Structures are given as C-alpha cells and as structure tokens.
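Numbering (my numbering), first residue to last: 11 to 294. Here the structure is laid out as structure tokens; the discussion comes afterwards.
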C-alpha cells in the first residue's frame with residue numbers, strides 16, 4: 011500500500027466506514043457501487059483480512075476493519091477539514107464605520123447561521139476588490155456593480171448660518187445613527203468642495219449646542235429631528251435651510267457572486283430596509 015494510486019482506495023474505504031452505505035458513497039464520489047467493492051477488495055487483499063461484511067440490508071465492520079478505520083480516520087478527517095477551509099468564501103464589505111457599527115455588525119451577529127463558512131472583511135474605502143459596498147450615495151465607477159436602492163434618506167437641513175456663508179463655515183458632524191453624517195449629496199447640491207471644509211466630530215447633541223453657542227461651526231442634522239426637542243431654539247438666530255436633494259441609500263455588489271454571498275446580500279437588503287423604516291417611524 012505504499013503507492014499513491016492506492017490512497018484513493020483507502021479514502022473509499024474511509025467514506026464507506028463513515029456512512030455504512032454504498033449508495034451514498036457512490037453518489038458523493040461519483041463512482042459505481044461495483045467500483046467501491048473493488049476498492050474495498052483491494053485493501054482487504056493487501057492486508058489479507060476481511061474489513062467489511064456486506065449483506066443486502068446493511069454493512070458491518072469486522073473487528074479488524076474497525077481497528078483499521080480508527081487508525082486512518084483522523085488523517086482523512088484532517089484532509090477533509092482542510093478542503094472545507096480552502097473553500098471558505100472570503101467576502102469584503104465596504105462601508106463607513108458608522109454603518110458597519112450600527113447596521114451591518116448587528117445583522118451578522120444575529121444571523122450567524124446564514125454566514126457560516128464565510129470569512130468577512132470590512133474596509134472603509136472602495137478599491138474595486140470588495141464584494142459589497144454599502145453607501146449613502148452613488149459611486150463614481152458604479153458600472154462595475156449591481157446596484158440596489160434600499161431606501162431614501164430625508165432631505166438635509168442646515169441650522170445656524172445663511173447659505174451664502176456656508177463655504178466659510180465649519181461643519182459639526184453628530185455621530186449618531188439618527189443624525190446624518192454623510193455630506194456628499196449636500197455638497198454637490200450647493201457646489202461646495204468638501205475637501206476645503208473643516209469637520210468637527212462630536213458624539214451628542216449637547217456638545218453640538220455648546221459649540222454653536224460659541225459660534226463655532228454649523229450643525230447638519232436630519233430635518234425630522236425636532237429643534238425644540240433638542241433645545242436648539244436657545245441659540246440666537248437659528249435658521250432652517252432645507253436642501254431639496256434626496257440622499258439615497260445603496261447596496262452595490264459585484265455582478266458575479268458566490269451563492270453564499272448572494273444570501274448575505276439578500277440579508278443585508280432586508281435588514282437595512284427594516285432598520286431605516288423603524289428609525290423613520292421613531293423620528294416621526
């Protein structure tokens with residue numbers, strides 16, 4: 011049994027011992043039952059021993075057969091595990107960190123059975139190697155992907171300064187899932203180069219109010235967040251300038267996806283749609 015050509019016979023024997031069913035092994039390995047019998051006979055002849063007793067109803071291992079199976083099964087189990095790991099689908103999701111934290115990670119944590127055998131990687135900048143891109147707006151090279159509109163974001167509102175002074179102002183970005191922190195569509199609407207703007211990130215509405223009281227920056231929030239509810243009315247000369255351009259929420263994915271990746275895509279679409287529907291109801 012030192013020749014490589016005989017290893018396959020050992021593997022057939024291993025599969026038969028695991029299932030005790032010639033038909034199942036025949037379908038899995040795509041060989042005939044008579045071929046299976048030949049492989050078993052080959053091993054028994056070499057060792058001059060009977061390893062399997064096959065009747066019309068069942069298959070049984072002899073004492074020698076069980077001892078031999080116990081000796082080889084660990085090696086073949088390790089090989090099969092290696093094949094499974096090699097086939098594991100690596101999926102890269104591209105999104106902002108806030109979307110990943112607030113939306114995608116909870117989805118994956120609650121649906122671990124769906125993402126079984128998937129190795130996930132998150133990035134925050136597109137490089138054309140990702141499987142999914144979750145974005146609030148359109149992509150420059152969107153022709154590379156299938157595009158799915160998930161939901162429409164509300165129009166943006168600006169509070170604090172007139173529009174003609176916007177280009178000279180600083181932005182205050184609130185890191186909260188109920189407040190919009192993506193300015194791409196807004197900047198395009200007002201023809202503003204966002205690279206020339208300064209951004210101040212704060213984590214709650216109270217910090218933003220203190221900055222506004224000291225005439226530092228302007229506040230960008232969702233128009234459904236009530237000013238009175240958040241106490242912003244205490245700021246002098248607060249004005250509401252609405253941007254009519256809608257900010258869309260998209261899921262982009264490569265045109266050819268692994269079947270398991272397709273399941274993940276459907277899961278993201280369903281859960282993100284529900285997520286923003288609930289959020290919108292709470293705001294109203």
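Glycine residues also receive a C-beta, built at the ideal position from the N, C-alpha and C atoms. None of the values given here were measured: they were computed from a predicted structure.
Proximity winner among 261, 273, 21, relative to residue 89 (alpha-carbon distances) = Position 79 of the chain shown holds residue 89. Here the closest residue by C-alpha is 21.
For residue 275, the nearest candidate out of 116, 119, 101 (CA to CA) = Counting from 1 along the chain shown, the entry for residue 275 is found at position 265. For the options 116, 119, 101, the alpha carbon positioned closest to that of residue 275 is the one of 101.
message = Using CA atoms only, rank isn't needed, just tell me which of 26, 41, 85 is closest to residue 68.
response = Numbered from 1 along the chain shown, position 58 holds the residue referred to as residue 68. The residue with the shortest Cα to Cα distance from residue 68 is 26.
inquiry  = Does residue 83 come out as helix, strand or coil in the three-state DSSP assignment?
reply    = As a working note, residue 83 is residue 73 in the chain shown. Collapsing the DSSP output to three states places residue 83 in a helix.
query = So what does residue 63 bridge to, in DSSP terms?
reply = Taking the first residue of the chain shown as 1, we reach residue 63 at position 53. According to DSSP, residue 63 bridges with 70.
task = Decide if residue 141 is buried, meaning its Cβ has at least 16 other Cβ atoms within 10 Å, or exposed.
result = In the chain shown, counting from the first residue as 1, residue 141 sits at position 131. Residue 141 comes out buried.
task = Sort 117, 264, 266, 143 by Cα distance to residue 277 and report the nearest one.
result = Your numbering for residue 277 matches position 267 in the chain shown. Measuring from the Cα of residue 277, the nearest candidate turns out to be 117.
inquiry  = Within a Cβ cutoff of 8 Å, which residues of the same chain sit near residue 42, ignoring the five residues on either side of it in sequence?
reply    = Position 32 of the chain shown, counted from the first residue, corresponds to residue 42. Correct list, in chain order: 36.
request  = Determine the extent of the alpha helix (DSSP H) in which residue 123 is found, giving its start and end residues.
outcome  = For the purposes of this step, residue 123 is identified with residue 113 of the chain shown, where counting begins at 1. No alpha helix (DSSP H) holds residue 123; DSSP gives it neither H nor E.
key: Span separating the alpha-carbon of residue 58 from that of residue 91   = Here the question's residue 58 lines up with position 48 in the chain shown. Here the question's residue 91 lines up with position 81 in the chain shown. About 31 Å.
request  = Over the uninterrupted alpha helix (DSSP H) stretch that includes residue 30, give me the two end residues.
outcome  = Residue numbering aside, residue 30 sits at position 20 when the chain shown is read from its first letter. From DSSP, residue 30 is part of no alpha helix (DSSP H); its letter is neither H nor E.
ask   = Expressed to the nearest angstrom, what Euclidean distance is found between the alpha-carbon atoms of residue 23 and residue 50?
value = Within the chain shown, numbered from 1, the residue matching residue 23 stands at position 13. Within the chain shown, numbered from 1, the residue matching residue 50 stands at position 40. Computed Cα separation, rounded: 6 Å.
Simplified DSSP state of residue 272, which is helix, strand or coil = Translated into positions along the chain shown, residue 272 becomes position 262. Looking at residue 272 - three-state DSSP - the assignment turns out to be helix.
key: Classification of residue 60 by the beta-carbon crowding that lies within 10 angstroms, buried from 16 upward   = Numbered from its first residue, the chain shown carries residue 60 at position 50. In the assembly as shown, residue 60 is an exposed residue. Its beta-carbon has fewer than 16 other beta-carbons within 10 Å.
inquiry  = Suppose contacts are defined by Cβ-Cβ distances below 8 Å. Is residue 62 in contact with residue 72 by that definition?
reply    = Working through the chain shown from its first residue, we reach residue 62 at position 52. Working through the chain shown from its first residue, we reach residue 72 at position 62. Cβ atoms of residue 62 and residue 72: closer than 8 Å.
ask   = Between the C-alpha atoms of residue 38 and residue 31, what's the straight-line distance to the nearest angstrom?
value = Here residue 38 refers to the residue found at position 28 of the chain shown. Here residue 31 refers to the residue found at position 21 of the chain shown. Linking residue 38 to residue 31 through their CA atoms gives a straight-line distance of about 11 Å.
ask   = What residue does the alpha helix (DSSP H) around residue 47 start on, and which one ends it?
value = Working through the chain shown from its first residue, we reach residue 47 at position 37. That run of the alpha helix (DSSP H) goes 43-57.
query = Which residues in the same chain have their Cβ closer than 6 Å to the Cβ of residue 75, if we skip the five residues on either side of it in sequence?
reply = Counting from 1 along the chain shown, the entry for residue 75 is found at position 65. So the qualifying residues of the chain are 61, 62.
task = Figure out for me which residue from 261, 52, 47 has the closest Cα to the Cα of residue 64.
result = For the purposes of this step, residue 64 is identified with residue 54 of the chain shown, where counting begins at 1. The shortest Cα separation from residue 64 among 261, 52, 47 belongs to 47.
message = Report the CB separation of residue 115 from residue 144 in whole angstroms; it is logged as a contact under 8 Å.
response = Taking the chain shown and counting its residues from 1, the one referred to as residue 115 is at position 105. Taking the chain shown and counting its residues from 1, the one referred to as residue 144 is at position 134. Actually they are not in contact, since the Cβ atoms of residue 115 and residue 144 sit about 12 Å apart, beyond 8 Å.
key: Where residue 40 falls, given that 16 or more other Cβ within 10 Å makes a residue buried   = The count along the chain shown starts at 1 and reaches residue 40 at position 30. Result: exposed.
ask   = Is the Cβ-Cβ distance between residue 261 and residue 279 less than 8 Å?
value = Position 251 of the chain shown, counting from 1, holds the residue named residue 261. Position 269 of the chain shown, counting from 1, holds the residue named residue 279. Going by C-beta atoms, residue 261 is nearer than 8 Å to residue 279.
ask   = Rounded to a whole number of angstroms, what is the C-alpha to C-alpha distance between residue 66 and residue 29?
value = Within the chain shown, residue 66 is the residue found at index 56, counting from 1. Within the chain shown, residue 29 is the residue found at index 19, counting from 1. So the two alpha carbons sit approximately 16 Å from each other.
query = For residue 80, which residues from the same chain have a beta carbon less than 6 Å from its beta carbon, with the 5 sequence-adjacent residues on both sides left out?
reply = Taking the first residue of the chain shown as 1, we reach residue 80 at position 70. Nothing meets the Cβ criterion.
ask   = Using the rule of at least 16 other Cβ atoms within 10 Å of the residue's Cβ for burial, across every protein chain shown, is residue 53 buried or exposed?
value = Translated into the one-based positions of the chain shown, residue 53 becomes position 43. In summary, residue 53 is buried, with 16 or more beta-carbon neighbours lying within 10 Å of its beta-carbon over all protein chains present.
ask   = Alpha carbon to alpha carbon, what distance is there between residue 16 and residue 44?
value = Reading the chain shown from its first residue, position 34 is the one you call residue 44. Reading the chain shown from its first residue, position 6 is the one you call residue 16. Looking at the two C-alpha atoms, the distance is approximately 17 Å.
query = Would residue 119 be called buried (16 or more neighbouring beta carbons within 10 Å of its own) or exposed?
reply = Against the chain shown, residue 119 aligns to sequence position 109. It counts as exposed.
task = Work out the CA separation of residue 87 and residue 70 for me, nearest whole Å.
result = For the purposes of this step, residue 70 is taken as residue 60 along the chain shown, with counting starting at 1. For the purposes of this step, residue 87 is taken as residue 77 along the chain shown, with counting starting at 1. Spanning the two alpha carbons is a distance of roughly 21 Å.
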